[in-house]
Amino acid sequence: MHRLRCGTHRILLAAGLVAGIPLPGFGQAPSEADKPLTITLSKRFEIGGERDKGVSLGIILPWMVAGTPQGKLLILDPDDRQVLVIDSTGNLIQRFGKGGGGPGEFLIPTSLSVSPDGHILVADAGKRAIVRFDSTGRVLTEERLNTRPIGIAEMATGFTVLVEGSSGLSIDRVSLGSGGRWKVLAETPPARPIAYRNCPVGVPGRPLFSHSIRWAASSSRLAFAPSIEYDVQVLDAATRSAPVHARRRIPPLTVTESEALASQEIAQGLMIRWGTEQCFVPRAELLRARGFARQRSPIVALALSPDGDLWVRRLHSAISPGSTDIFSSAGVYRGTIDSPDIPFPVTFMSPTRMVSISSDRSGLSLVTVYDIRFAP
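Every position in the sequence shown, counted from 1, becomes a number in the numbering used here once 927 is added.
Laid out in structure tokens, this is it:
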């Protein structure tokens, strides 16, 4: 994502036709025309990065950031195993939690969210638990799970969203549950053991560009993209009605071998360590052993606004940034922010205030809060 350095940035979105995506044996497949939108972003404050002497953040994933009903920003720092509380002006006002296995402590914290009643939930893959705090950071309960959670969200209706994955951004299963009973909504094939020619120890993995379920949740709604098609399902837990489908006529993206080799996922190779031994697997061997999916979904991220809008980040090619599509709560396509350089929201603090994550030149995470305004 791109860091906006000016205080206010106005983006005029040009009309145009999305480039056709070639499908094997069919040449160019026509895509649906975009409707241009105009949006204004005003940066309020920024947390992290090498210039921030108060807060240094490592890798922050989208589900490690949340807003509170009081207008505060919460950031889960997985390295220090703490929750940071930021006020509405960008000042760090509190830290709570620490490493350990006791009450209110974290082993491998993976995500946080805020429940509709203001409780703060932290998913801990090490504890296999959801650790619940009140709005002041006082630990309340720990709910044990039979899995290692990657993401968590609680809805006003008492339903909880549980997200599981092999690691990092690879999401393998999304479930919805209540009272300890879970229903799987979307699932992908599990990782398989992979052997490398230059390393006696293999590790589980999946082919490059294998589908990873995209998801987002709000106080009453859950959005997820279960397949490589441009089809996002949105569930309303309050009405429990059939899901709304947000769709566009944009086909899956074809992946070439050169694009797979250029993937950031294998750009640095892989260091495997066991005991006192280690071996380095270069990217060419990673690609040979893992293989790659010949098609991938154009959808790479989802976000749900408090006013019901669905934001969808999509690619223009297998590895190139693309645009942001916006749908109404009824699944009606509203238009496209046709620029790969604008920030994409990981969460919203209000219908007119969003939070994004980017990285500075040193690789440290930046969490930025923007005011947003759409042109009439």
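For every residue, glycine included, the Cβ atom is placed at its ideal position computed from N, Cα and C.
query	result
Secondary structure of residue 1293, DSSP reduced to three states	strand
Classification of residue 1099 by the beta-carbon crowding that lies within 10 angstroms, buried from 16 upward	buried
C-beta contact flag for residue 993 and residue 1279 at 7 Å	no
Of the residues 1239, 1287, 1210, 1298, the one placed nearest residue 1262, counting alpha carbons only	1239
Neighbour-count burial assignment, residue 1082, 16 or more Cβ in a 10 Å radius	buried
Limits of the beta strand (DSSP E) - the one that residue 1277 falls within	1274-1277
Nearest neighbour of residue 1220, chosen from 1260, 1246, 1101 [CA to CA]	1246
Nearest residue (CA-CA) to residue 1028, options 1056, 1021, 1004	1056
Rounded C-alpha distance that separates residue 1008 from residue 958	45 Å
Beta-carbon proximity check, residue 1088 vs residue 1149, cutoff 7 Å	yes
From 1202, 1071, 1074, residue whose alpha carbon lies closest to that of residue 1128	1202
C-alpha distance - residue 1186 paired with residue 1208, whole-angstrom precision	19 Å
Segment contact flag, the stretch 1131-1147 with the stretch 1108-1116, C-beta cutoff 8 Å, min 3 pairs	yes
Inter-residue Cα distance where the pair is residue 1205 and residue 1001	37 Å
First through last residue of the beta strand (DSSP E) which encompasses residue 1156	Careful: residue 1156 lies outside any beta strand (DSSP E) and carries neither H nor E.
CB-CB length for residue 1224 against residue 1122, believed under 8 Å	Residue 1224 to residue 1122, Cβ: 28 Å. No contact.
Residue 1071 to residue 1090 span [Cα, whole Å]	15 Å
Residues bridged to residue 1301 [DSSP beta-bridge criterion]	966
Which of helix, strand or coil DSSP assigns to residue 1120	strand
Collapsed DSSP secondary structure at residue 1283 in the structure displayed	strand
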